[in-house]
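The opening position of the sequence shown corresponds to residue 18 in UniProt numbering, with each subsequent residue numbered one higher.
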Amino acid sequence: SYRKGGYHAVRVADQFAGGRYIAQRKLGWGQFSTVWLAYDTHSSSYVALKIQKSAAEFVQAALHEINVLSSIGDGGPANSKCVVQLIEHFKHTGPNGQHLCMVLEFLGDSLLRLIKYNRYKGLPLNKVKEICKCILIGLDYLHRELGIIHTDLKPENILLFSTIDHSKDPCRSGLSPIIERPEGNINGGVTSLIEKRLKRRARRAVAKISLRDSLGGAGEAPKSARNIDGIDVRCKIVDFGNACWADKPLAEEIQTRQYRAPEVILKAGYSFSVDMWSFACIAFELATGDMLFTPKGGGQGFCEDEDHLALMMELLGKMPRKIAIAGAQSKDFFDRHGDLKRIRRLKFWPLDKLLIDRYKFSEKDAREFSEFLLPLFDFAPEKRPTAEQCLQHPWLNCLE
Ligand code: ADP
Ligand code: MG
Numbered sequence: 018s019y020r021k022g023g024y025h026a027v028r029v030a031d032q033f034a035g036g037r038y039i040a041q042r043k044l045g046w047g048q049f050s051t052v053w054l055a056y057d058t059h060s061s062s063y064v065a066l067k068i069q070k071s072a073a074e075f076v077q078a079a080l081h082e083i084n085v086l087s088s089i090g091d092g093g094p095a096n097s098k099c100v101v102q103l104i105e106h107f108k109h110t111g112p113n114g115q116h117l118c119m120v121l122e123f124l125g126d127s128l129l130r131l132i133k134y135n136r137y138k139g140l141p142l143n144k145v146k147e148i149c150k151c152i153l154i155g156l157d158y159l160h161r162e163l164g165i166i167h168t169d170l171k172p173e174n175i176l177l178f179s180t181i182d183h184s185k186d187p188c189r190s191g192l193s194p195i196i197e198r199p200e201g202n203i204n205g206g207v208t209s210l211i212e213k214r215l216k217r218r219a220r221r222a223v224a225k226i227s228l229r230d231s232l233g234g235a236g237e238a239p240k241s242a243r244n245i246d247g248i249d250v251r252c253k254i255v256d257f258g259n260a261c262w263a264d265k266p267l268a269e270e271i272q273t274r275q276y277r278a279p280e281v282i283l284k285a286g287y288s289f290s291v292d293m294w295s296f297a298c299i300a301f302e303l304a305t306g307d308m309l310f311t312p313k314g315g316g317q318g319f320c321e322d323e324d325h326l327a328l329m330m331e332l333l334g335k336m337p338r339k340i341a342i343a344g345a346q347s348k349d350f351f352d353r354h355g356d357l358k359r360i361r362r363l364k365f366w367p368l369d370k371l372l373i374d375r376y377k378f379s380e381k382d383a384r385e386f387s388e389f390l391l392p393l394f395d396f397a398p399e400k401r402p403t404a405e406q407c408l409q410h411p412w413l414n415c416l417e
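This is the structure in structure tokens:
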């Protein structure tokens, strides 16, 4: 992918925007871009630099994302506090072409990493509630004030404010930023000050990690969840590459499989409520450590889509016939009675029972959590509560 039209290769200490931003280390990457931690020499702070691939289609996608992010910023910092902020954007020319670059506020690890860090045991419900509130505040702002549907909500796309491993967090580690350029190399070897400094840093980081592990018991109790009590769980919604205005849907097939709403599978049209479905899937995953729906396709005579619909109905009850047959794709999966064509026997396992039987929730916790989630899993999209309504729910507002 590091060729013409593809990613821009970055080295530590590379400069961008006329020397304003200096690359520190890679934070992550996606299909369209690489994201680097960069030091902003103007504000003396850290930012995330998203460098898009350079081919025309990626430039188009980046322009769209910049457009969406700019409208988010227009709402003012108070309104957009649970949604990532775009600081500026510019073009950067390199050997592989011209790359659009977005300067974003620097955030920490994703919820996916938090779930992994907790060893897939599910987070304490109070933490789940705090995270849910942040996501809902962000969604309420996007939906009600901006008319934007995110369309790809999932744990990877919700970032915490800080990193779990503080030895990697430049804001907390106390390490100074790298600002020198690597010097030219003599005799083919990279002999710059930079490399030496990087090695020194890496050694210090490793020392801190092993210290944390010996205190936190990573080696002693591999099966038990880590203590995440000390982690401040405020978060923000990121990745607006697929977001759209509700009155101008971009694509028919949206959302990542496990977080996809039934109306998207049936191609029955969609609106803001697709984000509410994904949100409910995320809430379940945070509380249990498991994805709620993991359909499998092929082999047994039915496809992934039909399996997905079957899993939904096993958990939530039969889809009303009217809804089942209303999509452009309905005939592929449902007969005219509203029964699945190939998966004839469903094993119903309602949500509260699942929480008690498999995840050992108390009856009270299971009942209260189900009462919060089930309305969000309404097969009728227009009946799902809005983010604004969800924020009023008693489950979110009673911390124990
Ligand atoms: P893509 O559109 O290519 O999928 P994303 O916007 O999802 O790119 O970013 C890719 C990865 O970069 C994310 O999964 C995350 O790890 C990291 N990342 C993105 N934005 C930030 C940010 N503001 N702060 C810190 N890390 C980020
Ligand atoms: Mg992404």
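A virtual CB, placed ideally from N, CA and C, is assigned to each residue, including glycine.
| request: Return yes when the Cβ of GLU173 is within less than 7 Å of the Cβ of LEU129, no when it is not. | output: yes
| message | Tell me the rounded alpha-carbon separation between VAL29 and LYS284. | response | 45 Å
| Simplified DSSP state of GLY36, which is helix, strand or coil | coil
| field | Buried/exposed call for ALA397, threshold 16 Cβ in 10 Å | value | exposed
| task | Quick one: grab the DSSP three-state call for TYR63. | result | strand
| said: Buried or exposed for PRO312, going by 16 or more other Cβ atoms inside 10 Å? | reply: buried
| Nearest to PHE49 (by Cα), restricted to the options VAL64, GLY23 and GLY355 | GLY23
| task | State the DSSP-derived secondary structure class of LEU44, mapped to helix, strand or coil. | result | strand
| query | For TRP294, does the count of other Cβ atoms within 10 angstroms reach 16, so buried, or fall short, so exposed? | reply | buried
| Pairwise C-alpha distance: LYS138 and ARG243 | 9 Å
| Should SER50 be listed as close to the ligand ADP, given that the test is whether its C-beta is under 6 Å from any heavy atom? | yes
| How many whole angstroms separate the CB atoms of HIS116 and ILE68, which I take to be in contact at a CB cut-off of 8 Å? | 5 Å
| said: Counting C-beta neighbours from all protein chains within 10 Å, is the total for GLY191 16 or more, i.e. buried, or is it exposed? | reply: exposed
| task | Buried or exposed for ILE399, please, with buried defined as at least 16 other CB atoms from any protein chain shown within 10 angstroms of its CB. | result | Looking at the sequence itself, residue 399 is Glu, so the reference to Ile does not match. Exposed, by the Cβ-count rule.
| If we ignore side chains and look at the alpha-carbon of each, how far apart do ARG361 and SER127 end up? | 39 Å
| task | Take the Cβ of ILE196 as the centre, count every other Cβ of all protein chains shown within 10 Å, and call the residue buried at 16 or more, exposed below. | result | exposed
| request: Would you tell me roughly how many angstroms separate the C-alpha atoms of LEU357 and LYS335, rounded to the nearest one? | output: 10 Å
| request: Identify whether TYR134 lies in helix, strand or coil by the three-state DSSP scheme. | output: helix
| With distances taken from CA atoms, which of PHE394, GLU385, GLU417 and ASP395 is nearest HIS410? | GLU385
| request: Determine, using beta-carbon pairs with one atom in the region 155-170 and one in the region 311-330, whether at least three such pairs fall under 8 Å. | output: no
| query | In the DSSP assignment, what residue or residues form a beta bridge with residue 7? | reply | Because the chain is modelled from 18 through 417, residue 7 falls outside the range shown and cannot be assessed.
| query | What does a CB cutoff of less than 6 Å around ARG277 pick up in its chain, not counting 5 residues either side in sequence? | reply | none
| query | Would the beta-carbon of ASP256 be found less than 6 Å away from any heavy atom of the ligand ADP? | reply | yes
| field | Residue environment, TRP53, which counts as buried when at least 16 other CB atoms sit within 10 Å | value | buried
| field | Bridge-paired residues (DSSP) for residue 419 | value | Outside the displayed range of the chain (18 to 417) lies residue 419, so it cannot be described from this structure.
| task | Excluding the 5 residues preceding and the 5 following LEU416 in the sequence, name in chain order all residues of the same chain whose CB lies nearer than 7 Å to its CB. | result | ASN143 and LYS146
| request: Within the same chain, show all residues whose beta-carbon is closer than 6 Å to that of ALA72, passing over the 5 residues directly before and after it, in chain order. | output: GLY22
| query | If you draw a straight line from the alpha carbon of SER231 to that of LYS370, how long is it in whole angstroms? | reply | Low local confidence applies: a pLDDT of 32 at SER231 is under 50, so the model's placement there is unreliable, with the coordinate-based value given in what follows. Whole-angstrom Cα-Cα distance: 38 Å.
| task | Give every residue of the same chain whose Cβ lies closer than 8 Å to the Cβ of PHE178, excluding the five residues on either side of it in the sequence, and list them in chain order. | result | LEU124, GLY125, ASP249, ARG251, CYS252 and LYS253
| task | Report the three-state DSSP secondary structure of TYR19 (helix, strand or coil). | result | coil
| N-terminal and C-terminal residue of the alpha helix (DSSP H) that SER190 is part of | 187-190
| Quick one: is SER87 buried, meaning 16 or more other Cβ sit within 10 Å of its Cβ, or exposed? | exposed
| What does a CB cutoff of less than 6 Å around LEU393 pick up in its chain, not counting 5 residues either side in sequence? | MET293, ALA297 and ARG401
| said: Tell me the rounded alpha-carbon separation between SER227 and PRO194. | reply: For SER227, the predicted model reports a pLDDT of 36, less than 50, meaning its position is unreliable; a value from the coordinates is still stated below. Those two C-alpha atoms are separated by around 23 Å.
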